[in-house]
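S.K.: The sequence shown: position 76 = 80 (our numbering), numbered continuously.
Note that beta-carbon positions come from the ideal geometry of N, C-alpha and C, so glycine has one too.
Take a look at the following structure, please.
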Amino acid sequence: MKRGFTLIELLIVIGLTAFLLTGVFSLYMSLKNLTYTSAQSASMRAEILTAAGALSADIRNAYAPSWNPKTFFEAYKGQELSGRFDTLNFVATTLYANPTLLQTSVFSVTWYVKKTDEGITLYRKNSAFVDYENPEAGIPIPMVHHITSFIVEFSLNGEDWFDEWSYKVRKRLPPYVQITIRWQDSSTGKEEEYKFQTAPQINIRAM
5 MKRGFTLIEL LIVIGLTAFL LTGVFSLYMS LKNLTYTSAQ SASMRAEILT AAGALSADIR
65 NAYAPSWNPK TFFEAYKGQE LSGRFDTLNF VATTLYANPT LLQTSVFSVT WYVKKTDEGI
125 TLYRKNSAFV DYENPEAGIP IPMVHHITSF IVEFSLNGED WFDEWSYKVR KRLPPYVQIT
185 IRWQDSSTGK EEEYKFQTAP QINIRAM
């Protein structure tokens, strides 16, 4: 006759099964959390790259004709508390927005940082036209949340960098612009940095 399992043996099997299931569930949750944080990290980097592309395009299209004394390209160094958050405000153009009619669109752009319910957020504000009495007018659009620094620097030679720039003072657009965006990586907890350089392509110097 075949001997059946004793109660003790059944309890041991049940205990081992429960232990294995607990381990499998813990592994599943760990992988799920890792996937979630990795997705968050990738999403954040995608936001950074999108914002960097938009900002670079804006700066390349910066427009400062010498015949308009009201034109502006102003950058202000922000306060350094938990991080540095600068402001950039200038006139930009899209040459030949309509190739058929050879139209040109001129508008104002402002990049700035503001604290919101979703954390410290980098905004892009632009107006369909240039309001010289209120240069920072326009509709704000959030570009990146949870940043720790937004630094804008300028140079005449690509080596020596300035924290601020004023077209009214220098009578020209900056030949070199360097942008640094820092943020907290959700998967590692470390501060990450993305730095890039760009330059105005329509460099009309005032006489």
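1) Could you give the DSSP three-state label for S86: helix, strand or coil?
2) Could you tell me which of A46, I185, E137 and T192 sits nearest to G87, measuring between CA atoms?
3) Considering only residues of the same chain and omitting the five flanking positions on each side of E197, which have a CB-CB separation below 6 Å?
4) For S45, which residues in the same chain have their Cβ closer than 7 Å to its Cβ, ignoring the five residues on either side in sequence?
5) By Cβ distance below 8 Å, which residues in the same chain neighbour G193 in space, the five residues on each side in sequence not counted?
6) Of all the options R176, M48, N65 and P139, which has the alpha carbon lying nearest to the alpha carbon of T91?
7) How is S191 classed by DSSP in three states: helix, strand or coil?
8) If you follow the alpha helix (DSSP H) that V156 is part of, which residue opens it and which one closes it?
9) Is V113 closer than 8 Å to F94 when the C-beta atoms are compared?
10) Contact check, T152 vs R64 under 8 Å by CB: the rounded distance?
11) Using only alpha-carbon positions, find the residue among L53, P73 and S60 that is nearest to Y171.
12) When you compare only the Cα positions, how much space is there between Y80 and M48?
13) V113 bridges to which residues according to DSSP?
14) Under 8 Å, do F221 and W165 count as touching if we go by C-beta distance?
15) Which residue's Cα is closest to the Cα of A58: E78, L126 and T75?
M.R.: Here's the rundown:
1) It is coil, neither helix nor strand.
2) If we check each option's Cα against that of G87, I185 comes out closest.
3) Cβ contact annotation for E197 (same chain, cutoff 6 Å, sequence separation greater than five): R186, in chain order.
4) Around S45: D189, S190 and S191.
5) Contacts found: none.
6) Ranking the options by Cα distance to T91, first place goes to P139.
7) Coil at S191, not helix or strand.
8) V156 -> not in any alpha helix (DSSP H); beta strand (DSSP E) instead, spanning I151 to S159.
9) Contact flag set, yes.
10) No, T152 and R64 are not in contact; Cβ-Cβ is about 26 Å, not under 8 Å.
11) For Y171, the closest of L53, P73 and S60 by C-alpha to C-alpha distance is P73.
12) One C-alpha to the other measures close to 26 Å.
13) DSSP lists F94 and N130 as the bridge partner or partners of V113.
14) Summary: the structure shown does not reach residue 221, with the chain confined to residues 5 through 211, and so no result is reported for it.
15) When only C-alpha atoms are compared, the closest one is L126.
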